[in-house]
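Peer 1: To start, I am sharing the structure in question, which I have written as structure tokens.
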Amino acid sequence: MDKKQQILKAEKFLALHHDPKLLMLPNIWDPLGAQLLQHMGYPAAATASAAVAYSLGYDDGQKITLEAMLEAIRRVTTAVDIPVTADIEAGFAESPADVAENIRQVLRAGAVGINFEDSDPSTGQLYPTDFQYDRLKAIRTMADQEGIPLVINARIDVFISEFGESMEERMVEAIERGKAYVEAGADCLYPIVLGDLDALRRLQSATNVPLNVYGPSAAASLLELEAAGISRVSLGPSVLKVVLKTMKHLFEELQHYGSIKQNIKEAMSSEEILAFVSQQPQ
12 MDKKQQILKA EKFLALHHDP KLLMLPNIWD PLGAQLLQHM GYPAAATASA
62 AVAYSLGYDD GQKITLEAML EAIRRVTTAV DIPVTADIEA GFAESPADVA
112 ENIRQVLRAG AVGINFEDSD PSTGQLYPTD FQYDRLKAIR TMADQEGIPL
162 VINARIDVFI SEFGESMEER MVEAIERGKA YVEAGADCLY PIVLGDLDAL
212 RRLQSATNVP LNVYGPSAAA SLLELEAAGI SRVSLGPSVL KVVLKTMKHL
262 FEELQHYGSI KQNIKEAMSS EEILAFVSQQ PQ
């Protein structure tokens with residue numbers, strides 16, 4: 012991808028986080044999904060690490076290779092003109108230097124944003140806050156050196172960890188981590204599975220940056236989230252799970268000699284597919 016074009020895409024993607032309109036990111040895992048989003052007028056596309064892994068026959072949690080993840084990202088970024096942000100899990104490395112080099116490859120694959128976790132996929136344990144700060148700082152420094160304003164969505168895994176004995180303890184920890192991550196260069200915070208609107212407002216007020224909410228966990232409607240100033244909502248692997256459930260239902264019907272016509276009557280036509288698949292990126 013042309014560097015000037017990538018810079019413009021990164022700037023556009025960051026600006027979407029500061030628009031009063033909620034940025035909706037129904038995570039995809041392949042070029043087809045990204046092309047459909049673009050065709051429907053979505054301003055950006057986001058990959059989901061779990062969806063990418065599942066689609067390749069692997070479990071989530073950095074079970075696929077970095078090379079496989081990079082190839083999946085590259086296939087998506089080269090298929091569309093809209094900005095693409097990539098779920099890169101915990102960076103496929105531990106040390107700040109190694110993580111930064113891996114994210115450099117994500118940039119070179121054409122992504123302009125990343126989703127970056129603060130827990131170790133192999134243990135599920137949270138990384139110490141200062142260590143995650145160093146990892147984020149290394150990523151930001153690398154992106155600055157590359158001259159690309161990478162949009163960093165720093166995931167806070169406190170609410171899916173075993174940290175603390177109360178919600179208040181977890182909130183205090185999330186706020187502490189959020190402040191540190193913003194200082195290190197994060198543009199957006201992602202307190203995964205935190206769905207209570209008052210808690211989200213509290214975190215946003217304490218850190219003063221855009222928040223990403225995991226849609227399936229949100230207690231509020233999309234309109235309520237937008238009215239509360241939430242910047243973006245993502246769905247993780249939910250879209251793939253919906254598609255897979257539909258496939259399973261069709262396969263079961265065929266096993267039991269069900270009606271083929273009845274089960275494919277809602278299928279998208281080839282003409283509808285070609286309306287967006289045939290569009291080549293500019």
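Just so we're aligned: 202 in our numbering is position 191 of the sequence shown, and the numbers increase by one with no gaps anywhere. No residue lacks a Cβ here, since even glycine has one placed at the ideal position from N, Cα and C.
With 16 as the cutoff for other CB atoms within 10 Å, does Y225 come out buried or exposed?
Peer 2: buried
Peer 1: Counting along the chain, where does the alpha helix (DSSP H) carrying N219 start and finish?
Peer 2: N219: not part of any alpha helix (DSSP H); DSSP gives it neither H nor E.
Peer 1: Between the region 84 to 98 and the region 47 to 56, do three or more beta carbon pairs fall short of 8 angstroms?
Peer 2: Yes, they touch.
Peer 1: Measuring only the C-alpha atoms, how far is L236 from P227?
Peer 2: C-alpha separation (whole angstroms): 13 angstroms.
Peer 1: Keeping to the same chain, check which residues put their C-beta closer than 6 angstroms to that of Y144; ignore five residues upstream and five downstream.
Peer 2: A191 and A195
Peer 1: What three-state label does DSSP hand P202 in the structure shown?
Peer 2: strand
Peer 1: With a Cβ-Cβ cutoff of 8 angstroms, do R212 and E157 count as a contact?
Peer 2: R212 is not a Cβ neighbour of E157, given a cutoff of 8 angstroms.
Peer 1: Suppose you measure from the CA of K263 to the CA of K74; what does that come to, to the nearest Å?
Peer 2: The residue you asked about is not Lys; residue 263 is Glu in the sequence shown. One C-alpha to the other measures close to 29 angstroms.
Peer 1: Roughly how many angstroms lie between the CA atoms of L200 and S242, to the nearest whole one?
Peer 2: 10 angstroms
Peer 1: Can you tell me which of D155, I271 and D41 puts its alpha carbon nearest to the alpha carbon of E112?
Peer 2: D155
Peer 1: Excluding the five sequence neighbours on either side, which residues of its own chain have a C-beta within less than 7 angstroms of the C-beta of M182, listed in chain order?
Peer 2: A210 and R213
Peer 1: From this set, L25, I125, D30 and L43, which residue's C-alpha is nearest M283's C-alpha?
Peer 2: According to the sequence provided, residue 283 is Glu. The question's Met does not apply to it. Cα-wise, what sits closest to E283 is L43.
Peer 1: Considering only the alpha carbon of each residue, which of I125, Q17, V110 and F24 lies closest to A59?
Peer 2: I125
Peer 1: Using a threshold of 8 angstroms, state whether the C-beta atoms of A108 and L81 are closer than that.
Peer 2: no
Peer 1: In whole angstroms, what is the alpha-carbon distance linking L34 and H28?
Peer 2: 7 angstroms
Peer 1: Nearest to E105 by CA position, among P132, F170, Y268 and S245, is which residue?
Peer 2: P132
Peer 1: Quick check on the DSSP output: the beta strand (DSSP E) that includes L163 runs from which residue to which?
Peer 2: One point to set straight first is that residue 163 is Ile, not Leu, in the sequence displayed. Its beta strand (DSSP E) spans residues V162 to I167.
Peer 1: Let's see if you can read the secondary structure: which residues bound the beta strand (DSSP E) around S245?
Peer 2: R243 to S245
Peer 1: Do you know whose CA, among A230, R151, A83 and D168, lies nearest V193's CA?
Peer 2: R151
Peer 1: Let me make sure I understand the geometry here. Which of L261, L246, S249 and A62 has the alpha-carbon closest to that of Q273?
Peer 2: Comparing Cα-Cα distances from Q273 to each of L261, L246, S249 and A62, the minimum goes to L261.
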